[in-house]
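K.L.:
Here it is: the structure, laid out below.
In the numbering used here, the protein residues as written are 17 to 605.
Next up, the structure:
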C-alpha cells in the first residue's frame, strides 16, 4: 500500500526525495527477529537530517545486532495532505514500515514550538496522542532532547521520557523493552522507571504547580551524564541526505557541556559539566568521517569550541589532511573572549566564509549582568583582526528583553554596529531576539516580556540600519516559546487545540500568533508569565539537571547586582552538578 502510494504520488509533491530513503550510508538490516525502533524528528527531512543527535542515536542503536533503528520525519504539508486523503499512515524511510507497527517510537524534541508537530506526527502514525489511552500492542513512545528538562506541557503524550546523555543508559532501556516485549504495557513501564534517568509521566500527577509521584517511583529524576567522551560512540558513516540539508557537512563532537555560565543559556546549564574529546580521538575520527562520507566540510561541534583545551593541536592535526583534500573546517559561533585570529585563519585556510560573533548585549553593563564577561575592546579588536585577516562578512547575535534593560542598553547595540561598519566589511548583519526565559536557568524566575516590546526595540534600532542589516525578531514566536518552556500539564489542552488549527509553528510562514492567543483562552495566561521567587514550585522541579535551584536563584540575584561568576573550569562555582551527578569536568590537557 505504501510503496504503491509512493509510486503513484511522489511526483505530485515538492522534493520527493525526502520520502524515498536509500541514502548513501543508510543502515540496512534484515528485519526478522529484530527489535525495531523508529527514530523520529518532528520536522521536515532536511532539518532533521542536520541534527547531530539523531545521527548519533541512529548509528549507536544500529551498532547492536538485535536492534534496527529507522528514521521518521514529519512530511511537508503537501505530502501530509495527500497521505490523509489516501489514508496512508506515516512510515519509516528505511523499510517503509508503518510507524504503528514498530516496537518503539523515539522522538527527539529540540524546540517547544515543535510540540504541535509532535502531535501531528502521532496522528499521522495512527497512534493515540495520549499515553494512558494506548494499548499493550502499541509502540512505546519515548521523548528525548533538551526540551525534556521540562516536558510537562506534553508529558501526557509520552510513555517514557529519557533525561540526559543517551550513551549512558539507553542500551539498558532498549534491552528491557526488548526482553519484556509482549508483556503488559504498565508492567514494562514500572520496570523502566527503575532505570536511572527514566521518567514515566503517567506515574506522576500535578498538584498545584508541583509534579509528585503517585506510585513507587523516584521523587526526583537525575539526568544521565557520561563521564568520558573518548569512551562514547562516534557516528562515522554519516548519512548523505537525498535533499540538501540545512547543515550539509560532516560533524565531529569535540566537547559536551559549557561552564561559562551565561545566565540565559539553557544548554549551558543542562549539559554541564564539560567533557572534552581528546585530540587523538577527534583527529582520527574526523578523518574517518570525511573518508566515509566524501563531505567537503567538517564541523567541530561544541557549545564553546574555542574553549577546548587542545583545539590548537586538533586543528594542526587535521590541517595537512584537509588542505590536501581541499576540505573546509568550521566551528559554531565564536566567543569573543576566546577569539584567536591565528587559529581561525588556520580553520578557514581552505575557504573563508563569514565570521560570527555573539556579544548578546550591546552595553557593558548588561553583558556583565548576564555573565557574558566581554568588553567593548575585545569585541572591536576581534572584528578588526578578522577584517585584516580577510573576512569580509560578519554577523552578530544580540538578545533584548532582560530585566532592568534601558533604552541606553538597546542603543549600545546600534553604536557597536556603527563602529564595526567603519572597518569596511562588505556585509554586517545583526540578529536581535527577545529573551526566552528557560527552565533550569538563572532567568527561570523572570517575567517574560510581551511581544510589543520588540516594536519599542525596533523603533530604537531602525536609526542604525545604515550601518548593518538588522533583523529584529517580532517577539511573537519568542513569547509563545517562553510560555510553553515554563508551562505545566494544563497547557496540554492548549497545544491540542492549536495543533488541530495548524502546526509547523517554528516555520515563519506557518506560525499563527492569533491561533495561539485563541488557544490560550482556555487558561489563565498571566500565571505563566512570571515573575517567580525561590519559594515558588516549578513544574520541572522533579527533573534534576544537577544544577541546584538555590544556585540559580543566587545567579539571578547576582544579575541585579551586576556580579559575574567565573568559568568553573578553574574555580568551582558550587552549582551542584559535579557533586549531585558524580561527574566532573573532564579536560583533555
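All C-beta atoms in this analysis are idealised placements derived from N, C-alpha and C, irrespective of residue type, glycine included.
1) Could you check what DSSP says for residue 420 in three-state terms: helix, strand or coil?
2) If distances are taken between C-alpha atoms only, which option among 180, 499 and 216 comes closest to residue 202?
3) Nearest-angstrom Cα distance between residue 460 and residue 567?
4) Give the C-beta separation of residue 314 and residue 268 to the nearest angstrom, bearing in mind that I take them to be a contact with Cβ-Cβ under 8 Å.
5) Alpha carbon to alpha carbon, what distance is there between residue 41 and residue 323?
6) Below 6 Å CB to CB, which residues in the same chain sit around residue 420 once its five sequence neighbours on both sides are set aside?
7) In terms of DSSP beta bridges, what is residue 12 paired with?
8) Smallest Cα separation from residue 38: which of 57, 50 and 86?
9) For residue 528 versus residue 494, is the C-beta spacing smaller than 8 Å?
10) Let me make sure I understand the geometry here. Which of 145, 190, 504 and 148 has the alpha-carbon closest to that of residue 50?
11) Taking the alpha-carbon positions, what's the residue 91 to residue 435 distance?
12) Using alpha carbons as the reference points, say which of 178, 118, 177 and 398 lies closest to residue 194.
13) Please state whether DSSP places residue 66 in a helix, a strand or coil.
14) Measuring CB to CB, does residue 155 end up less than 8 Å from residue 116?
15) Provide the residue span of the alpha helix (DSSP H) that contains residue 439, from first to last.
16) Compare the Cα-Cα distances from residue 299 to each of 541, 283 and 331 and report the closest residue.
17) If contacts are defined as beta-carbon pairs under 8 Å, then residue 337 and residue 266 qualify, I think. What distance do you get, rounded to the angstrom?
18) Enumerate in chain order the residues of its own chain whose CB-to-CB distance from residue 36 is below 8 Å, with the five nearest sequence positions on each side excluded.
19) Find the nearest neighbour of residue 346 within the set 206, 524, 302 and 599, judged by alpha-carbon distance.
20) Determine the direct distance from the alpha carbon of residue 555 to that of residue 44, and round the result to whole angstroms.
21) Please determine, among 95, 46 and 66, the residue with the shortest C-alpha to C-alpha distance to residue 28.
22) Could you tell me the boundaries of the beta strand (DSSP E) in which residue 269 lies?
23) Taking the alpha helix (DSSP H) that residue 487 falls in, what are its first and last residues?
24) Quick one: Cα of residue 304 to Cα of residue 353, how far?
25) May I have the straight-line CA-CA distance separating residue 362 from residue 200, to the nearest angstrom?
26) Thinking residue 375 and residue 433 are a contact (beta carbons under 8 Å), I'd like their distance in whole angstroms, please.
27) Please check the pair residue 124 and residue 57, which I expect to be a contact at CB under 8 Å, by giving their CB distance rounded to whole angstroms.
28) Tell me which residue opens and which closes the alpha helix (DSSP H) that residue 187 is part of.
29) Between residue 255 and the rest of its own chain, which residues show a CB-CB distance below 8 Å, the 5 nearest in sequence each way excluded?
30) So if DSSP puts residue 449 in a beta bridge, which residue, or which two residues, is it bridged to?
31) DSSP three-state label for residue 83, please.
32) Report yes or no: do the segment 473-488 and the segment 95-105 share at least 3 C-beta pairs separated by less than 8 Å?
33) Taking 8 Å as the threshold (C-beta atoms), are residue 318 and residue 261 in contact?
34) In this structure, how does DSSP classify residue 425 when only helix, strand and coil are distinguished?
35) Along the chain, where does the alpha helix (DSSP H) that runs through residue 20 open and close?
36) Per DSSP, residue 120 is paired with what?
P.N.:
Taking the definition as stated:
1) Coil.
2) For the residues 180, 499 and 216, the minimum Cα distance to residue 202 belongs to 216.
3) For residue 460 and residue 567, the distance between alpha carbons rounds to 12 Å.
4) Right, their Cβ atoms sit about 6 Å apart.
5) The alpha-carbon atoms of residue 323 and residue 41 are separated by roughly 32 Å.
6) Taking C-beta separations shorter than 6 Å and ignoring five residues to either side along the sequence, residue 420 has no partners in its chain.
7) Look at the range of the chain in this structure, 17 to 605, and you will see that residue 12 is not part of it.
8) That would be 86, whose Cα lies nearest to the Cα of residue 38.
9) Result no, Cβ atoms of residue 528 and residue 494 do not sit closer than 8 Å.
10) Closest by C-alpha distance to residue 50, out of 145, 190, 504 and 148, is 190.
11) Distance between the alpha carbons of residue 91 and residue 435 is about 45 Å.
12) For the residues 178, 118, 177 and 398, the minimum Cα distance to residue 194 belongs to 118.
13) DSSP places residue 66 in coil when its eight states are reduced to three.
14) The answer is yes: Cβ separation under 8 Å.
15) For residue 439, there is no enclosing alpha helix (DSSP H), as DSSP marks it with neither H nor E.
16) Out of 541, 283 and 331, 331 has the C-alpha closest to the C-alpha of residue 299.
17) Residue 337 to residue 266, Cβ: 13 Å. No contact.
18) The beta carbon of residue 36 sits closer than 8 Å to those of 22, 26, 109 and 258, all from its chain and outside the five residues before and after it, given in chain order.
19) Selected option, being the one with the closest Cα: 302.
20) Linking residue 44 to residue 555 through their CA atoms gives a straight-line distance of about 42 Å.
21) For residue 28, the closest C-alpha among the options 95, 46 and 66 is that of 95.
22) First-last of the beta strand (DSSP E) with residue 269: 266-269.
23) Where residue 487 is concerned, there is no enclosing alpha helix (DSSP H), although the beta strand (DSSP E) it sits in stretches over 485-488.
24) The straight-line gap from Cα to Cα measures roughly 32 Å.
25) Answer to the nearest angstrom: the Cα atoms are 58 Å apart.
26) Wrong, their Cβ atoms sit about 10 Å apart, outside the cutoff.
27) Right, their Cβ atoms sit about 6 Å apart.
28) For residue 187, the enclosing alpha helix (DSSP H) has its first and last residue at 182-195.
29) These residues qualify, in order along the chain: 39, 40, 41, 42, 65, 71 and 74.
30) Paired residues: 415.
31) Residue 83 falls in the strand class under three-state DSSP.
32) Judged by Cβ distances under 8 Å, the segment 473-488 makes no contact with the segment 95-105, as fewer than three pairs qualify.
33) Not in contact: residue 261 and residue 318 (Cβ atoms no closer than 8 Å).
34) Helix at residue 425.
35) Note, residue 20: alpha helix (DSSP H), 18-25.
36) Beta-bridge pairing links residue 120 to 53 and 156.
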